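Novice: Take this structure, written in structure tokens, and hold onto it; I'll ask about it next.
Residue numbers (the working numbering): 1 to 179.
This is how it looks when you write it as structure tokens:
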């Protein structure tokens, strides 16, 4: 069972990386707002196809989880828009490195708002994420070339924070829906 789960984790990681490369190519050649809009339409279409398979979980929907779900969706969409804006302004690998640390932000927000308990390996992982973000973002040679306030770095950090918030607060509707 461990081999299968490891294989799925590796495939997910590769798929995520390929998705980032394709997203950056699309964002660089098109308007970020249009790409985000059509991406949302595509996701709604896919959701409508999959809805009958997950209908039982939606019987438990109440107003609070629905609002958190909508908030998380808006946060994810805005983060996607910021990701595209950043990809147009700075090096795509820098954008992916910064915004890819959203899991650490989600974990920290979960600690603060949901009072979750972390293990030592989780603390080490979060530490490595933020150390990597620091060294990736604050390279002295790169800082001299890039003006942080006028560059895509702020957009990339915005996507990091928005995706982290989405990842953390999706816990509320996910638990209510039984996912």
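All C-beta atoms in this analysis are idealised placements derived from N, C-alpha and C, irrespective of residue type, glycine included. Quick caveat: nothing in here was measured; it's all calculated off a predicted structure.
Residue range of the alpha helix (DSSP H) that residue 69 falls in?
Specialist: The residue labelled residue 69 in the question sits at position 69 within the chain shown. Per DSSP, residue 69 belongs to the alpha helix (DSSP H) from 63-89.
Novice: Are there three or more Cβ pairs, one per stretch, closer than 8 angstroms when the stretch 15-32 is compared with the stretch 77-88?
Specialist: Yes: the two stretches touch, three or more of their Cβ pairs being nearer than 8 angstroms.
Novice: Do you know offhand how far residue 95's Cα is from residue 22's?
Specialist: Counting from 1 along the chain shown, the entry for residue 95 is found at position 95. Counting from 1 along the chain shown, the entry for residue 22 is found at position 22. Rounded to whole angstroms, residue 95 to residue 22 spans 13 angstroms at the Cα level.
Novice: Does the stretch 65-79 come into contact with the stretch 167-174, if we say contact requires no fewer than three beta-carbon pairs (one atom in each stretch) closer than 8 angstroms?
Specialist: Verdict: yes, contact present.
Novice: Let me confirm a value: residue 162 is counted as buried when at least 16 other C-beta atoms fall within 10 Å, else exposed. Which label applies?
Specialist: On the chain shown, position 162 is the one that residue 162 refers to. Buried: at least 16 other Cβ atoms inside 10 Å.
Novice: Assuming residue 156 and residue 93 are in contact, meaning their beta carbons sit under 8 angstroms apart, how far apart are those beta carbons, in whole angstroms?
Specialist: Position 156 of the chain shown holds residue 156. Position 93 of the chain shown holds residue 93. No, residue 156 and residue 93 are not in contact; Cβ-Cβ is about 11 angstroms, not under 8 angstroms.
Novice: Determine the direct distance from the alpha carbon of residue 39 to that of residue 45, and round the result to whole angstroms.
Specialist: Numbered from its first residue, the chain shown carries residue 45 at position 45. Numbered from its first residue, the chain shown carries residue 39 at position 39. Cα-Cα distance, rounded: 10 angstroms.
Novice: Is the beta carbon of residue 81 less than 9 angstroms from the beta carbon of residue 119?
Specialist: Locating residue 81 in the chain shown gives position 81, where the first residue counts as 1. Locating residue 119 in the chain shown gives position 119, where the first residue counts as 1. Cβ atoms of residue 81 and residue 119: not closer than 9 angstroms.
Novice: Return the residue from the list 75, 165, 13, 59 that minimises the CA-CA distance to residue 105.
Specialist: Translated into the one-based positions of the chain shown, residue 105 becomes position 105. Comparing Cα positions, the closest option is 165.
Novice: Sorted by chain position, which residues of the same chain lie with C-beta nearer than 7 angstroms to residue 111's C-beta, five sequence neighbours on each side aside?
Specialist: Taking the first residue of the chain shown as 1, we reach residue 111 at position 111. Around residue 111: 118.
Novice: Do the CB positions of residue 158 and residue 79 come within less than 9 angstroms of each other?
Specialist: Translated into the one-based positions of the chain shown, residue 158 becomes position 158. Translated into the one-based positions of the chain shown, residue 79 becomes position 79. Yes, they are a contact pair.
Novice: Candidates 91, 116, 122, 77: which alpha carbon is nearest residue 151's?
Specialist: One-based indexing of the chain shown puts residue 151 at position 151. Residue 91 is the option with its Cα nearest to residue 151.
Novice: Quick check: the Cα distance between residue 123 and residue 6, rounded to an integer number of angstroms?
Specialist: Here the question's residue 123 lines up with position 123 in the chain shown. Here the question's residue 6 lines up with position 6 in the chain shown. If you take the alpha carbons of residue 123 and residue 6, they lie about 21 angstroms apart.
Novice: What does the alpha-carbon distance come out to for the pair residue 8 and residue 15?
Specialist: Looking up residue 8 in the chain shown gives position 8. Looking up residue 15 in the chain shown gives position 15. Roughly 10 angstroms separates the two Cα atoms.
Novice: Looking at the secondary structure, which residues open and close the alpha helix (DSSP H) in which residue 158 lies?
Specialist: Reading the chain shown from its first residue, position 158 is the one you call residue 158. First-last of the alpha helix (DSSP H) with residue 158: 153-169.
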